[in-house]
Structure formats: C-alpha cells, structure tokens
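**Student:** In the working numbering, the protein residues as written are 4 to 174. Think of the CB as a built atom: it goes at the ideal place given N, C-alpha and C, for glycine as much as any other residue.
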Amino acid sequence: AVKNAEIPVNLYLGQEIYIDKDYERIFDEKQVLTINGTNYVLLEFYYGREYDIVDAVFELSLRGYKAVIAHFERYSYATISDAESIKKMGGLIQVNASSIVGKDGFDLKKRAKRLFEEGLVDFVASDIHSNRTNYMAKAYKLVSKKYGNELADKVFTENAKEILIKSQANA
C-alpha cells in the first residue's frame, strides 16, 4: 500500500516478541519474525514481575539470535549490571523516546538517562503502536544537546542502518 501510494519510506519486517515462560519453543520452531531476516530479534519482557532478562538473552544467543531489548528502562527490576551483561553477550539496548522526554514519568526518564550516561543505549524508538504520540524529534534534540550529535545520530539512525545493511548482505 505504501508503494502504491508512492510514500517515500522504506519498510522492513520485524516484530516485538513478548518473552514468557514458553519462549524457547517458538524460537526453536522458528515461529518468530526476526528484524528484516537477520538473526536480530526485538524482545519485550514482563513489566510488573521480575524476569531474568540476562538468562533469556544468553539462551537465545546459544540458538544464534542477537537480542535487542525493547524499552529496557521500563523493567524496574533490570539493573545497569544486567544491561552490561547483555551487551557483553552481543545483545543491544533500546529505550523509548517518550521516556527520554519524560512523558512516561520521572522514574523512566531517570533510568533512560542513566543508561545513556553509562554508554549502554544502542537504539531509541518511538514505540508507537496506534494512537501514541511520537516524541522522536524532541528526544533527538535532547540527546543531541546533552550527549552530542554523533551519539544522537548513532542511536536514532546509524545503528539501525547497520542491522539493515547486514540483512541486505545476507539476502
């Protein structure tokens, strides 16, 4: 539909995969949509109940997947040490633009800020599913002002482009 409407945007397939107690089966049976055919997967975890994110990333790495942890700042039980462990295993950390600008509350803004200060953020995403407000431009300005244009470009566009380049190389 986008192509027929001549909208100048490129779309790539992928899905946010909700990790629950039965997640290994869906990965073993290849019932997941990776990011544009790569081995990268976007993972979402429980918010209200503690979950061993590091263990899940490890288990998936053994199966050949690279985890991108969606809105890491939302998992109040996940620590900076957890994020560091995830990164050491080749996993990546994503935060939401709305958290950066404070639209999700002070605690999430503070957690997102700490992840940036520790150099752990790989991606910023809109997390727009339907009627949510897009804070990407505002978040970009804040990140650029506080941490510099180079980092802002990296986490808002360049790191995502690297995954897409890998997917095209494997095609």
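1) Applying the 10 Å Cβ sphere with the 16-neighbour rule, what's the burial state of R135?
2) State buried or exposed for H74, treating a residue as buried only when at least 16 other CB atoms are found within 10 Å of its CB.
3) Mind the definition here: the segment 106–119 touches the segment 68–84 only if three or more C-beta pairs lie below 8 Å; say whether that holds.
4) Buried or exposed, going by whether 16 or more other CB atoms sit within 10 Å of the CB of D31?
5) Measuring alpha carbon to alpha carbon, tell me which residue in R117, S64, K164 is nearest N42.
6) Check for me: the alpha helix (DSSP H) holding E87 runs from which residue to which?
7) On the premise that I96 lies in contact with I103, defined as a C-beta separation below 8 Å, what is that separation, rounded to the nearest angstrom?
8) On a Cα-Cα basis, can you pick out the residue from D25, E19, F48, V146 that is closest to L36?
**Tutor:** By the coordinates alone:
1) Walking along the sequence shown from the start, residue 135 turns up at place 132. Per the 10 Å Cβ criterion, exposed.
2) Sequence index remark: in the sequence shown, residue 74 carries index 71 (1-based). Buried.
3) yes
4) Counted from its first residue, the sequence shown places residue 31 at position 28. So D31 counts as exposed.
5) Taking the first residue of the sequence shown as position 1, residue 42 is located at position 39. Of R117, S64, K164, the residue nearest in Cα terms is S64.
6) Translated into the one-based positions of the sequence shown, residue 87 becomes position 84. Residues 83–91.
7) Locating residue 103 in the sequence shown gives position 100, counting from the first residue. Locating residue 96 in the sequence shown gives position 93, counting from the first residue. That belief does not hold up - the Cβ atoms of I103 and I96 are roughly 13 Å apart, past 8 Å.
8) Residue mapping note: residue 36 aligns to position 33 of the sequence shown, counting from 1. Taking only the C-alpha atoms, the option nearest L36 is E19.
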